[in-house]
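J.:
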Amino acid sequence: MSVINLDHLFNPKSVAVTGATNDPADPGGLVMKNLMGGGFSGPVMPVSAKAEAISGVLTYKNVNDLPKTPDLAVIADPLDDVPDVLRSLRDRGTRAAVLVGSGFSRMAPGEREEFRKTVRSVATPPDMRILGPKSLGFMVPSLNLNATLSHSRATPGKLAFISQSDSLFATVVDWARDKGVGFSHLVALGARLDVTFADIIDYLGTDPMTRSIMVYVEAIHDAREFMSAARAASRNKPVLVLRPGKALDALPSCSLDQGPCVPGLTGEIYDVAFRRAGMLRVETIDELFDAARTVSTPRHAKGRRLAVLTNGASAGVMAADRLLAGGGEMAEFSEETRKALEALPGGRNAAVNPVGIPFNADGETYSEALKALVKDKGVDAVLVMHVPWAAQPEAETAAAVAKALKRVKKLVLTAWLGSGDASDAARAEFASAGIPTYESLTQAVRAFLHLADYRLSQNLLMEAPDSLPTDFFPDTTTARNVVEKALNENRSELSETEAKDVLAAYGIPVVETRFAVSAKEAVIAADELGYPVAVKVRSPQISQPFHVGGVLLDLETPERVWEGAATLLARVNRERPDAYIEGFIVQKMGRRPGAHELFVAAETDPVFGPVLKTGHGGMAREVIQDSALALPPLSMTLAREAVRRTRISHLLSGTPTQPPADIDDICLTLIQISQLLIDVPQISNLDINPLYADNEGVLALGADISVAPYDKDGQSRLAIRPYPRELEECVQTRDGRKVTLRPIRPEDESTHREFLARLSDEDLRMRFFGVVRRDFDHKDLARFTQIDYDREMAFIATAPDESGNPETLGVMRTNTRPDNSEAEFAIVVRSDQKGTGLGSLLFHKGIEYTRMRGTEELTGQTLAENKAMQGLAKKFGFKISPDPDDRDVVDMTLDLSEDQ
Numbered sequence: 001m002s003v004i005n006l007d008h009l010f011n012p013k014s015v016a017v018t019g020a021t022n023d024p025a026d027p028g029g030l031v032m033k034n035l036m037g038g039g040f041s042g043p044v045m046p047v048s049a050k051a052e053a054i055s056g057v058l059t060y061k062n063v064n065d066l067p068k069t070p071d072l073a074v075i076a077d078p079l080d081d082v083p084d085v086l087r088s089l090r091d092r093g094t095r096a097a098v099l100v101g102s103g104f105s106r107m108a109p110g111e112r113e114e115f116r117k118t119v120r121s122v123a124t125p126p127d128m129r130i131l132g133p134k135s136l137g138f139m140v141p142s143l144n145l146n147a148t149l150s151h152s153r154a155t156p157g158k159l160a161f162i163s164q165s166d167s168l169f170a171t172v173v174d175w176a177r178d179k180g181v182g183f184s185h186l187v188a189l190g191a192r193l194d195v196t197f198a199d200i201i202d203y204l205g206t207d208p209m210t211r212s213i214m215v216y217v218e219a220i221h222d223a224r225e226f227m228s229a230a231r232a233a234s235r236n237k238p239v240l241v242l243r244p245g246k247a248l249d250a251l252p253s254c255s256l257d258q259g260p261c262v263p264g265l266t267g268e269i270y271d272v273a274f275r276r277a278g279m280l281r282v283e284t285i286d287e288l289f290d291a292a293r294t295v296s297t298p299r300h301a302k303g304r305r306l307a308v309l310t311n312g313a314s315a316g317v318m319a320a321d322r323l324l325a326g327g328g329e330m331a332e333f334s335e336e337t338r339k340a341l342e343a344l345p346g347g348r349n350a351a352v353n354p355v356g357i358p359f360n361a362d363g364e365t366y367s368e369a370l371k372a373l374v375k376d377k378g379v380d381a382v383l384v385m386h387v388p389w390a391a392q393p394e395a396e397t398a399a400a401v402a403k404a405l406k407r408v409k410k411l412v413l414t415a416w417l418g419s420g421d422a423s424d425a426a427r428a429e430f431a432s433a434g435i436p437t438y439e440s441l442t443q444a445v446r447a448f449l450h451l452a453d454y455r456l457s458q459n460l461l462m463e464a465p466d467s468l469p470t471d472f473f474p475d476t477t478t479a480r481n482v483v484e485k486a487l488n489e490n491r492s493e494l495s496e497t498e499a500k501d502v503l504a505a506y507g508i509p510v511v512e513t514r515f516a517v518s519a520k521e522a523v524i525a526a527d528e529l530g531y532p533v534a535v536k537v538r539s540p541q542i543s544q545p546f547h548v549g550g551v552l553l554d555l556e557t558p559e560r561v562w563e564g565a566a567t568l569l570a571r572v573n574r575e576r577p578d579a580y581i582e583g584f585i586v587q588k589m590g591r592r593p594g595a596h597e598l599f600v601a602a603e604t605d606p607v608f609g610p611v612l613k614t615g616h617g618g619m620a621r622e623v624i625q626d627s628a629l630a631l632p633p634l635s636m637t638l639a640r641e642a643v644r645r646t647r648i649s650h651l652l653s654g655t656p657t658q659p660p661a662d663i664d665d666i667c668l669t670l671i672q673i674s675q676l677l678i679d680v681p682q683i684s685n686l687d688i689n690p691l692y693a694d695n696e697g698v699l700a701l702g703a704d705i706s707v708a709p710y711d712k713d714g715q716s717r718l719a720i721r722p723y724p725r726e727l728e729e730c731v732q733t734r735d736g737r738k739v740t741l742r743p744i745r746p747e748d749e750s751t752h753r754e755f756l757a758r759l760s761d762e763d764l765r766m767r768f769f770g771v772v773r774r775d776f777d778h779k780d781l782a783r784f785t786q787i788d789y790d791r792e793m794a795f796i797a798t799a800p801d802e803s804g805n806p807e808t809l810g811v812m813r814t815n816t817r818p819d820n821s822e823a824e825f826a827i828v829v830r831s832d833q834k835g836t837g838l839g840s841l842l843f844h845k846g847i848e849y850t851r852m853r854g855t856e857e858l859t860g861q862t863l864a865e866n867k868a869m870q871g872l873a874k875k876f877g878f879k880i881s882p883d884p885d886d887r888d889v890v891d892m893t894l895d896l897s898e899d900q
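So that you can map any letter, position 24 of the sequence shown is 24 in our numbering, and since no number is skipped, the others follow by simple counting.
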């Protein structure tokens, strides 16, 4: 993943077109027509051995004849010629190319892979970036750059669109022109030989000309890179994604984009991944653009409770219906709000939601109703709808509503229904006032739901779970030994007893279990466990003994156990004569009357790695089909969100005859399984069914665990990197104080606020290169404390204060480029900690971390007057040099590649 040389791709000063022709149906002819017709200000240089001029421009016989080295090359040559053309361009110093030539789709899988290898070996990305093959190209409308095969071009704007589909790319361009929507960038990815979703999202995430990023996704092959880039971009601007559902999931990914064939992906996994990345998923092109406009509004809904205010009763009912169908809630009003609404003209029925006011209500009536609704704490947002009536002054009413909302901070949306000039004028009034406005109630309600979903995804984005939750202390050694024993015996399945030993090692309550090789041993085991017991046959050929009658429950005496064992042997031998019976599993009956039956499962997805699933368990699990997925690592918030998405969660909340289940214990179980998959990556599949859950906690009755060899770090297979606890370190300052150096965590927000408050004005000026305000809000602190450990790091120095509460003493930050070529650092120590050596300890920690991860260069800047910082940098071997663009700033650079 890298943004290196993407500027040559998306902001070139000159363009060459190889394989250019005068044939309007040929890729070389189409791209020349678009480049010349778009008005690109730089030179466009066609390369052709056949034509003297193309689109009015003289051609060059080959790349070596070009008068200057092009920043960008659009290659329309046949694919067989592409490697030689790329070699010539690379030798000239060209840094970016787009492969638009046809033929890639017709290649056999082996030929495609050979082509990929050849092109990579020639271009050596990121030295030379490759977009495609099988790409329609890209547009940068603000540069009048249309390097595509599209039949139309886009207008400049603030939206960016990345498409995995050429056909959808062309459709969106046409759709946007009809709607008057403009773009900063449009990119057709093609087969992603080099440039990926992650690369472009990274580039656009920091592009000042891009306000929102829209993505069309079919399949992802680089989950960690995609999630890291999407999470980084989503912190800066809205990222919206359109992905087809079940029909797409039924197809192998290689049939769609000619990439590697990756089976096993499902839409639900993508849903979870998009939410964790802070993205908003939509269903249609219309929704994509509506949502992009909606989520860019500065006011967001704090929840899903909507109040509807309208002069048309039927319109209000329809809006309520759409809201409830989409998972929203109708807000319930306080007594104060009801009284205020009832006092309105014709307000006898106005105290219910939807709020109905007279059909001929004027602007003052709307305004008074709005004043009451926006004050109500039980209302997250208000939708104001107006149904046109004869002789009704729509524009004046709209102006009054806009005026009433001028200083309102709560989200208010408007839907001025109708298609006449008056309705258009009303909507224009709201648009000019920055108030979200829509033509239909369906659009307006959908916009509200988008905002609510977007807020949820942003909240999940801020979750950075610990790699080892502090709520429990697993016996990792025991779990690993059990798994290693099975692998050493060339087994891919743990026995039920072994599986429960693994679960117990991670703090999950399990039913007591014994293994017996005979009926006599089964009786002894039952006596030890205590009656009643359950007895099951154990056979490597039988995964579910229940299906062949191999289970007996509630055996209350030794005689029943003895007879039951014989019965089971006879029955299973009759049903499965091929099965080898190893013995019997004897379990104490798990008596939990009224407990809910859940399941917790884990499997390894080929792209996203370990995936957890939970929901309604028991024998009816496959019939009920109630489940929710989650991507590890998990926190209590993330686990709770997964449980909330199951239908059984409504029962877990309690009923008139049943107390609520212990949701925290259920969530902790999910976290424990998540951690088990990280610590013991040889576990490929896991299934606990049933998992009893009630007000007393959870109890696992059965478990199946599959294992497979795996010799890498368990964290490496996760789509999201967890909190790196292994980087924690205890040190001692010069004054003898014991301090912990560790990565920052989201829960450090309050102590970090206090840390910033205790920095002197001078220290703040030195750190932020100028005077800064001290009232850091939650959004600021979230950026400081909720980081992506895959590309950022912030080591804090923390120690208990005199009262024993933790306090932050200093912080060392590094921000690493996606390709790991360079990391930028910043360091600040609390003003009262100067002279304790804490700065050196933090500096050393940051340097060793970047060196450990293979970063090539560590850089930073400081004010020229900050001699203390420069002296500290020199102490660690940094080179100090004046910044060529700012005489008040100096650059500090440490070459880490010399040590590697």
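The beta-carbon is built from N, C-alpha and C at its ideal position, and this holds for glycine as well.
With DSSP run on the structure shown, which of helix, strand or coil describes T18?
T.: The residue given as residue 18 occupies position 18 in the sequence shown. Three-state DSSP puts T18 in a strand.
J.: Quick one: Cα of L781 to Cα of P800, how far?
T.: The residue labelled residue 781 in the question sits at position 781 within the sequence shown. The residue labelled residue 800 in the question sits at position 800 within the sequence shown. Their Cα atoms are separated by approximately 21 Å.
J.: With a 10 Å radius around its C-beta and 16 neighbouring C-beta atoms as the bar for buried, classify P263 as buried or exposed.
T.: The residue you call residue 263 lines up with position 263 of the sequence shown. Only weak support is given to the placement of P263: the predicted model assigns it a pLDDT of 47, under 50, and the value that follows is read from those uncertain coordinates. When all chains shown are included, P263 counts as exposed.
J.: Just the Cα atoms here: how many angstroms apart are A902 and S184?
T.: Absent from the model: residue 902. The displayed extent of the chain is 1 to 900, so no value can be given.
J.: Can you give me the C-alpha to C-alpha distance between R224 and V215, rounded to a whole angstrom?
T.: Locating residue 224 in the sequence shown gives position 224, counting from the first residue. Locating residue 215 in the sequence shown gives position 215, counting from the first residue. Going from the Cα of R224 to the Cα of V215 covers about 17 Å.
J.: I need the straight-line Cα distance from A797 to A233, nearest angstrom please.
T.: Here the question's residue 797 lines up with position 797 in the sequence shown. Here the question's residue 233 lines up with position 233 in the sequence shown. Distance between the alpha carbons of A797 and A233 is about 28 Å.
J.: Only counting the same chain, and skipping five residues up and downstream in sequence, which positions put a Cβ closer than 8 Å to that of V31?
T.: On the sequence shown, residue 31 is found 31 positions in, with the first residue counted as 1. These residues qualify, in order along the chain: V17, A20, V74, A76, V100, G137, A147, T148, L149.
J.: Can you name the residues that DSSP bridges to M214?
T.: To locate residue 214, count along the sequence shown from 1; it is residue 214. Partner(s): F161, L240.
J.: For T497, which of helix, strand or coil comes out of DSSP?
T.: Taking the sequence shown and counting its residues from 1, the one referred to as residue 497 is at position 497. Helix at T497.
J.: If we require 3 or more residues per run, which beta strand (DSSP E) segments fall completely within the segment 483-550?
T.: 513-516, 533-538
J.: Among the candidates L809, D819, A351, whose CA atom is the shortest distance from the CA of E792?
T.: Translated into positions along the sequence shown, residue 792 becomes position 792. Minimum Cα distance to E792 is reached at D819.
J.: In angstroms with no decimal places, state the Cα-to-Cα distance between Q458 and H300.
T.: Along the sequence shown, one-based indexing puts residue 458 at 458. Along the sequence shown, one-based indexing puts residue 300 at 300. About 11 Å.
J.: Looking at the strands, I want to know which residues DSSP matches up with S45.
T.: Taking the sequence shown and counting its residues from 1, the one referred to as residue 45 is at position 45. With the sequence shown as reference, residue 45 is identified as Met, and Ser is not the correct amino acid for it. Per DSSP, A16.
J.: Assuming contact is defined by CB atoms lying nearer than 7 Å, are E429 and A402 in contact in what I supplied?
T.: As a working note, residue 429 is residue 429 in the sequence shown. As a working note, residue 402 is residue 402 in the sequence shown. Yes, the pair counts as a contact, with Cβ atoms nearer than the cut-off.
J.: Of the residues S296, R765, V561, which one's Cα is nearest the Cα of L529?
T.: Within the sequence shown, the letter at position 529 stands for residue 529. That would be V561, whose Cα lies nearest to the Cα of L529.
J.: Can you tell me where the alpha helix (DSSP H) with A906 in it begins and where it stops?
T.: The structure shown does not extend to residue 906, since the chain spans only 1 to 900, so no value can be given for it.
J.: Check the DSSP bridge columns for F795 and list the partner residues they point to.
T.: Looking up residue 795 in the sequence shown gives position 795. DSSP lists P743, M812 as the beta-bridge partner residues of F795.
J.: Hey, which unbroken runs of the alpha helix (DSSP H) at 4 residues or more fall wholly within the segment 748-777?
T.: 749-757, 761-768
J.: Where C254 and D166 are concerned, what is the direct C-alpha to C-alpha distance, given to the nearest angstrom?
T.: Sequence index remark: in the sequence shown, residue 254 carries index 254 (1-based). Sequence index remark: in the sequence shown, residue 166 carries index 166 (1-based). Only weak support exists for where C254 lies, its pLDDT of 45 falling under 50; the coordinates are left without a value.
J.: If we count the other Cβ atoms within 10 Å of its Cβ and call it buried at 16 or more, is C667 buried or exposed?
T.: As a first step, residue 667 is located in the sequence shown; it is residue number 667 there, counting from the start. With 16 or more Cβ atoms within 10 Å of its Cβ, C667 is classed as buried.
J.: For the beta strand (DSSP E) that contains G182, what are its first and last residues?
T.: Translated into the one-based positions of the sequence shown, residue 182 becomes position 182. It spans 182-188 - the beta strand (DSSP E) in which G182 sits, taken as one unbroken run.
J.: Between the beta-carbon of L841 and the beta-carbon of V731, is there less than 7 Å?
T.: Taking the sequence shown and counting its residues from 1, one reaches residue 841 at position 841. Taking the sequence shown and counting its residues from 1, one reaches residue 731 at position 731. Yes. Within cutoff.
J.: In its own chain, which residues sit with a C-beta less than 6 Å from the C-beta of S2, not counting the 5 before and 5 after it?
T.: If you number the sequence shown from 1, residue 2 lands on position 2. For S2, where only same-chain residues beyond five positions count, the Cβ hits under 6 Å are P126, P818, D819.
J.: In terms of alpha-carbon separation, which member of Q682, V607, G860, G617 lies closest to N490?
T.: The residue labelled residue 490 in the question sits at position 490 within the sequence shown. Residue Q682 is the option with its Cα nearest to N490.
J.: So which of A505, I847, E728 has the shortest CA-CA distance to L896?
T.: Here residue 896 is taken as the residue at index 896 of the sequence shown, counted from 1. Taking only the C-alpha atoms, the option nearest L896 is I847.
J.: Is it the case that the Cβ atoms of M36 and S55 are separated by a distance below 7 Å?
T.: Your numbering for residue 36 matches position 36 in the sequence shown. Your numbering for residue 55 matches position 55 in the sequence shown. Cβ distance < 7 Å, so M36 and S55 count as in contact.
J.: Tell me whether D605 sits in a helix, a strand or coil according to DSSP, three-state version.
T.: One-based indexing of the sequence shown puts residue 605 at position 605. DSSP places D605 within a strand segment (E or B) once states are collapsed to three.
J.: Looking at the unbroken beta strand (DSSP E) that takes in E113, where does it start and where does it end?
T.: Here residue 113 refers to the residue found at position 113 when the sequence shown is read from its first residue. Per DSSP, E113 belongs to no beta strand (DSSP E); it is in the alpha helix (DSSP H), 109-123.
J.: Just the Cα atoms here: how many angstroms apart are I130 and R90?
T.: Here residue 130 is taken as the residue at index 130 of the sequence shown, counted from 1. Here residue 90 is taken as the residue at index 90 of the sequence shown, counted from 1. About 11 Å.
J.: Would you kindly work out how many angstroms separate the C-alpha atoms of A579 and E622, rounded to a whole number?
T.: The residue you call residue 579 lines up with position 579 of the sequence shown. The residue you call residue 622 lines up with position 622 of the sequence shown. Approximately 25 Å between the Cα atoms of the pair.
J.: So who's on the other strand from P656, going by DSSP bridges?
T.: If you number the sequence shown from 1, residue 656 lands on position 656. According to DSSP, P656 shares a beta bridge with no other residue.
J.: With distance defined between alpha-carbon atoms, name the residue in G714, A404, A395, P393 nearest to A372.
T.: What you label residue 372 is simply residue 372 of the sequence shown in a count that begins at 1. Of the listed residues, the one whose Cα sits closest to A372 is A404.
J.: Which of the three DSSP states, helix, strand or coil, is assigned to V387?
T.: One-based indexing of the sequence shown puts residue 387 at position 387. DSSP places V387 in coil when its eight states are reduced to three.
J.: To the nearest whole angstrom, what separates the beta carbons of R243 and L631, a pair I think is in contact under 8 Å?
T.: For the purposes of this step, residue 243 is identified with residue 243 of the sequence shown, where counting begins at 1. For the purposes of this step, residue 631 is identified with residue 631 of the sequence shown, where counting begins at 1. Contact flag wrong, Cβ pair sits at about 16 Å.
J.: Taking all protein chains shown into account, decide if S716 is buried (16 or more other Cβ within 10 angstroms of its Cβ) or exposed.
T.: On the sequence shown, position 716 is the one that residue 716 refers to. By the 10 Å Cβ count, S716 comes out exposed.
J.: Just mark M45 as buried or exposed, buried being the case when its beta carbon has 16 or more other beta carbons within 10 Å.
T.: Taking the first residue of the sequence shown as position 1, residue 45 is located at position 45. Label assigned to M45: buried.
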